[in-house]
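Trainee: Below you'll find the structure I mean.
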Amino acid sequence: MAIPMALRSAAVFALAPALVCPAWGWINDETLRAETLAAVPGSVKRLQVDLDLEPLHRWDFLSHEPGFEAYHSEVTQYLEKYIPAHLLPMVDDITKHMEKAYYADYAQEMQSLSSALNISLGEIVLVNLVYQVEQIGTACNKVNTTGPCPPAAPAGPGLCSGLVADAGDALWQGRNLDWDLDKALLPFVVEVDYLSKGQTVFRGVQVVGMIGVLHGMAMGKFSVQINARDRGGSLAKNLLEELLLGGKTPTHVIRKALEQEATFSDAEQFLSSERLANPVYFILSGVQHGEGAILTRQRQRCDAWHLFETNPKDSKQVNPQPGWFRLQTNYDPWEQVPKYDDRRTPGVRNTEKFCKGGASVNEDTVLSVMTAWPTKNHHTDITSVMCARTGQMKTMLWMKTTSPHLMGSDRFEYTVVGSMLELYCNAVVDLLSKGNPSQSKAKLNIRQEKNGNVAVEGLTEEECKNADELTNLLERGNEQRTVAATAMNSESSRSHLILIIKIISVNKETKEVLKGKMLMCDLAGSERLKRSEVTDHQQTEAIAINKSLTALGDVIEALTKGGKGVVPYRNHKLTLLMQDSLDVDLSISKGSGRIQDTPSPIFADLRAMPVTCGDCCCSKDCNGEECGCKCGESIATLGAFFIVAAAAFWIVGLLFGWNGPDTHFQSDLTYHQFNMFWFYLGFITVAFGVLYAIYARGGKAFAREPEAEEETPTEEKSALAAAPTPYVMLPAEP
């Protein structure tokens, strides 16, 4: 019998976490800590830009500036690595509407950079978008293998930190940019003095090619830095903000504030109100006592947490900070940070320690905070400290070592082990017992270990060193699976097939061992005995399958109640096997025509969205092949879902977006305008689905005739009747 293609693909893909996702406990990794703190800082080059020149010529001097010979090749490689190819057409559109997407003078400066560096205008646009790439979300890749590998993209590859501390007579800011730029852009990080009438108006730290400033200081006025926000949104959406709605690149907004605002209050007003292309944090400080704040920015909204304010966002404060400083990592101040990336707690502790409770705030003590682990970590590229009142700024670059300790997978030893079983008539059968029929059909016992993990006694486990070996294991086990011919399928599965993949990770230095398990199940389908025309032993098999699916439905129903009451895992061996893996259960069909049906018995919460299942409405018998009519109806249903979801969010926005209970936030029209996109997409999808269904049915797509209720054998009825009402058990294969 052929292996379900989705199961084969998922099994091969299961090797990926072992190759790229190490332990989450990087903050406690002593090897990383020692090597990071032993790194020697490098110097940063300083450039001068004359603001009195026309914007089209401000960067012309770079054409003869030494040290930029490799700029084009390095930047091109970096952009190819991080910018998705499908977004390039959107970048082309930006180059055609530069004056609309950017401040007019900055659009002209980008043309000056393009000419001076002999690089295309599109590539310059991408360099200016590069900080927004961090808003795509965390990806466990070769760059990030020694850092946190979180499950849901909290903060992008960077782990930036910012600090503003009040010394009474001056305010100091510290900034770490953690970006993994050393192989490409880090050599081109510079300090830029922006001059007017021969005097420095402000100083910024940026990458050559960027018009905007990552952090900067207007002497005698204020200083500001940017930090990636954990809910920054996708790069595609950020580009749309720039193209359609005039959202500005946050680094450009910082520079514009440094250019034109005269005081801390003016800068706060500008940074809080200017429309942004993507959400970020601005850490701002002035020159007078108490002038410091963290500005948590949405595209059109802002929440400010000032020095000496009791709580952020008028809510219960998480990880309280003394009033004399504000430390910001990549998470909203009023929310708890995730355990795998808690740099806030040690950062607060180190600030109080090195600055002696606020009694000693200066360049040295703030620098000590910013270079203490894990505020400074193996991703840190740039550390800066600055004071707007005194005009002091110190910037250091951290060129990372090529030691295997910082290169990722060489620090860890991985073992991948696979096993395969079937649940046949409520009996657990090993499918990898060396091909010995008597041994492979031996029944195995399930036990629950003290730590809550589920184990099968005597189950064969084989080490898989590569994807081919894992695929071979899957094929060998699948050959022994119990199948039989029915009236509906010549190779009907008579059992549930379960593939178990275990991944063991060993840290070679610390000897820490971490274990993970992935369980994938190809469920047999529930059957109507009259339709499948099975008898005798096959009828017993069908009833056993139906009972197991009923038990699975009971468990899922209990889980949907939020853990209230006892979850009946022990009612059946299928649910007992899945007990420690059910939250990530994968239900897969081998038949392309059942793709829509297969996930329904597992994941559908039919109380929220009732689903009914009828016979095929096509003009001819599909015989298990893809059903065009059902496909059309599903497409139409998806479109209807888009419309309903957009309407719901629209109404919520109208109710709470304008002068709602949170007085810190103003109306965000972007929110509503983007919903129009989903309305239009929904209407188009519905229309396409209806037309497709009509074409498949021959004009009678939705005109089903009611069927007479079939008589179901008593024993089967009792099994099916016990199924919880919210779940309709649909076949995993015909």
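For the sequence shown, the positions run -25 to -1, 1 to 709 when mature numbering (1 follows the signal peptide of the UniProt record, and there is no 0) is used. Glycine residues also receive a C-beta, built at the ideal position from the N, C-alpha and C atoms. Only a predicted model underlies this, so the values are computations on that prediction, with no experimental measurement involved.
Taking just the CA atoms, how far does V102 sit from F163?
Mentor: Here residue 163 corresponds to residue number 188 of the sequence shown, with the count starting at 1. Here residue 102 corresponds to residue number 127 of the sequence shown, with the count starting at 1. Near 12 Å, if we compare the C-alpha coordinates of V102 and F163.
Trainee: How many angstroms separate the CA atom of D356 from the CA atom of E424?
Mentor: Taking the sequence shown and counting its residues from 1, one reaches residue 356 at position 381. Taking the sequence shown and counting its residues from 1, one reaches residue 424 at position 449. If you take the alpha carbons of D356 and E424, they lie about 45 Å apart.
Trainee: DSSP three-state label for G179, please.
Mentor: Here residue 179 is taken as the residue at index 204 of the sequence shown, counted from 1. Note: G179 maps to strand in three-state DSSP.
Trainee: For the alpha helix (DSSP H) that contains S247, what are its first and last residues?
Mentor: Along the sequence shown, one-based indexing puts residue 247 at 272. That run of the alpha helix (DSSP H) goes F239 to S248.
Trainee: Within 10 angstroms of the Cβ of P349, are there 16 or more other Cβ atoms? Answer buried if so, exposed if not.
Mentor: Locating residue 349 in the sequence shown gives position 374, counting from the first residue. So P349 ends up on the buried side.
Trainee: Using three-state DSSP, classify S470 as helix, strand or coil.
Mentor: If you number the sequence shown from 1, residue 470 lands on position 495. In the structure shown, S470 sits in coil (DSSP, three-state: anything other than H, G, I, E or B).
Trainee: Whole angstroms are fine: how far does the CA of S198 sit from the CA of E29?
Mentor: Indexing the sequence shown from 1 puts residue 29 at position 54. Indexing the sequence shown from 1 puts residue 198 at position 223. Straight-line Cα distance between these residues: approximately 26 Å.
Trainee: Do you know offhand how far I520's Cα is from Y399's?
Mentor: Residue 520 sits at position 545 when you count from the first residue of the sequence shown. Residue 399 sits at position 424 when you count from the first residue of the sequence shown. Their backbone Cα atoms lie some 8 Å apart in a straight line.
Trainee: Rounded C-beta distance between H471 and S394? I'm assuming under 8 Å.
Mentor: Residue mapping note: residue 471 aligns to position 496 of the sequence shown, counting from 1. Residue mapping note: residue 394 aligns to position 419 of the sequence shown, counting from 1. Contact flag wrong, Cβ pair sits at about 15 Å.
Trainee: To the nearest angstrom, how far is it from the Cα of D153 to the Cα of S480?
Mentor: Position 178 of the sequence shown, counted from the first residue, corresponds to residue 153. Position 505 of the sequence shown, counted from the first residue, corresponds to residue 480. Answer to the nearest angstrom: the Cα atoms are 26 Å apart.
Trainee: Beta-carbon separation of M361 and M192 under 8 Å?
Mentor: To locate residue 361, count along the sequence shown from 1; it is residue 386. To locate residue 192, count along the sequence shown from 1; it is residue 217. Yes; because the gap between Cβ atoms is below 8 Å, this pair is in contact.
Trainee: With three or more C-beta pairs closer than 8 Å as the rule, is the stretch 340 to 348 touching the stretch 133 to 152?
Mentor: Output reads yes: the stretch 340 to 348 touches the stretch 133 to 152.
Trainee: Let me check understanding here. Comparing Cα to Cα, which of D241, S240, Q200 and E249 lies closest to K223?
Mentor: On the sequence shown, residue 223 is found 248 positions in, with the first residue counted as 1. Of the candidates D241, S240, Q200 and E249, the one whose C-alpha sits nearest the C-alpha of K223 is E249.
Trainee: Secondary structure at A232, three-state DSSP: helix, strand or coil?
Mentor: What you label residue 232 is simply residue 257 of the sequence shown in a count that begins at 1. Helix at A232.
Trainee: Output the distance between the C-alpha atoms of N202 and G452, rounded to the nearest integer angstrom.
Mentor: For the purposes of this step, residue 202 is taken as residue 227 along the sequence shown, with counting starting at 1. For the purposes of this step, residue 452 is taken as residue 477 along the sequence shown, with counting starting at 1. Those two C-alpha atoms are separated by around 51 Å.
Trainee: Three or more C-beta pairs under 8 Å: does that hold for the stretch 29 to 48 against the stretch 73 to 89?
Mentor: With the cut-off at 8 Å, the stretch 29 to 48 and the stretch 73 to 89 touch.
Trainee: Is it true that the CB of V50 sits closer than 8 Å to the CB of A159?
Mentor: Here residue 159 is taken as the residue at index 184 of the sequence shown, counted from 1. Here residue 50 is taken as the residue at index 75 of the sequence shown, counted from 1. Taking 8 Å as the Cβ cut-off, A159 and V50 qualify as a contacting pair.
Trainee: Who are the Cβ neighbours of L277 in its own chain at under 6 Å, not counting the five residues just before and after it?
Mentor: If you number the sequence shown from 1, residue 277 lands on position 302. In the sequence on display, residue 277 carries Cys and not Leu. Taken in chain order, the residues that qualify are S247 and L270.
Trainee: Do you know offhand how far D144's Cα is from V165's?
Mentor: Start at 1 with the first residue of the sequence shown, and residue 144 comes out as number 169. Start at 1 with the first residue of the sequence shown, and residue 165 comes out as number 190. Distance between the alpha carbons of D144 and V165 is about 29 Å.
Trainee: By Cβ distance, which residues of its chain are closer than 6 Å to N325, with the 5 residues on each side in sequence left out?
Mentor: Your numbering for residue 325 matches position 350 in the sequence shown. Excluding sequence neighbours, N325 sits near V344 and A347.
Trainee: Would Y81 and H227 be called neighbours here (beta carbons separated by less than 8 Å)?
Mentor: Position 106 of the sequence shown, counted from the first residue, corresponds to residue 81. Position 252 of the sequence shown, counted from the first residue, corresponds to residue 227. Against a cut-off of 8 Å, the Cβ pair of H227 and Y81 comes out as a contact.
Trainee: With L170 as the anchor, note down where its beta strand (DSSP E) starts and where it stops.
Mentor: Within the sequence shown, residue 170 is the residue found at index 195, counting from 1. That run of the beta strand (DSSP E) goes V164 to S171.
Trainee: Give me the Cα-Cα distance between C330 and V336, rounded to the nearest whole angstrom.
Mentor: If you number the sequence shown from 1, residue 330 lands on position 355. If you number the sequence shown from 1, residue 336 lands on position 361. Roughly 5 Å separates the two Cα atoms.
Trainee: I'd like the span of the alpha helix (DSSP H) that includes V341, first residue to last.
Mentor: For the purposes of this step, residue 341 is identified with residue 366 of the sequence shown, where counting begins at 1. Segment E338 to M345, the alpha helix (DSSP H) holding V341.
Trainee: Cα-Cα, which of G500, G322 and W299 is closest to A334?
Mentor: By one-based count along the sequence shown, residue 334 stands at place 359. Minimum Cα distance to A334 is reached at W299.
Trainee: Roughly how many whole angstroms lie between the Cα atoms of G17 and W373?
Mentor: As a working mapping, residue 17 is identified with position 42 in the sequence shown. As a working mapping, residue 373 is identified with position 398 in the sequence shown. If you take the alpha carbons of G17 and W373, they lie about 6 Å apart.
Trainee: Pick helix, strand or coil for A517, following the three-state DSSP scheme.
Mentor: Numbered from its first residue, the sequence shown carries residue 517 at position 542. Of the three classes helix, strand and coil, the one that applies to A517 here is helix, per DSSP.
Trainee: How about R272 and L302: are their beta carbons less than 8 Å apart?
Mentor: On the sequence shown, residue 272 is found 297 positions in, with the first residue counted as 1. On the sequence shown, residue 302 is found 327 positions in, with the first residue counted as 1. Contact flag unset, no.
Trainee: Cα separation between D27 and L92?
Mentor: Here residue 27 corresponds to residue number 52 of the sequence shown, with the count starting at 1. Here residue 92 corresponds to residue number 117 of the sequence shown, with the count starting at 1. If I take the Cα positions, the gap works out to 21 Å.
Trainee: Work out the CA separation of H72 and residue 796 for me, nearest whole Å.
Mentor: This structure leaves residue 796 out entirely; the chain is present only between -25 and 709.
Trainee: Pick helix, strand or coil for L138, following the three-state DSSP scheme.
Mentor: Stepping through the sequence shown from its first residue, residue 138 is reached at position 163. Here L138 sits in strand by DSSP.
Trainee: Cα separation between K369 and Q23?
Mentor: As a first step, residue 369 is located in the sequence shown; it is residue number 394 there, counting from the start. As a first step, residue 23 is located in the sequence shown; it is residue number 48 there, counting from the start. Spanning the two alpha carbons is a distance of roughly 17 Å.
Trainee: Between which two residues does the beta strand (DSSP E) harbouring A430 extend?
Mentor: Here residue 430 refers to the residue found at position 455 of the sequence shown. V429 to V431 is the span of the beta strand (DSSP E), which, as asked, contains A430.
Trainee: Around the C-beta of R422, are 16 or more other C-beta atoms found within 10 angstroms, so that it is buried, or is it exposed?
Mentor: Within the sequence shown, numbered from 1, the residue matching residue 422 stands at position 447. The residue is exposed, with fewer than 16 neighbouring Cβ atoms inside 10 Å.
Trainee: According to DSSP, simplified to helix, strand and coil, what is N3?
Mentor: As a first step, residue 3 must be located in the sequence shown, where it is residue number 28. In the structure shown, N3 sits in a helix (DSSP, three-state: H, G or I).
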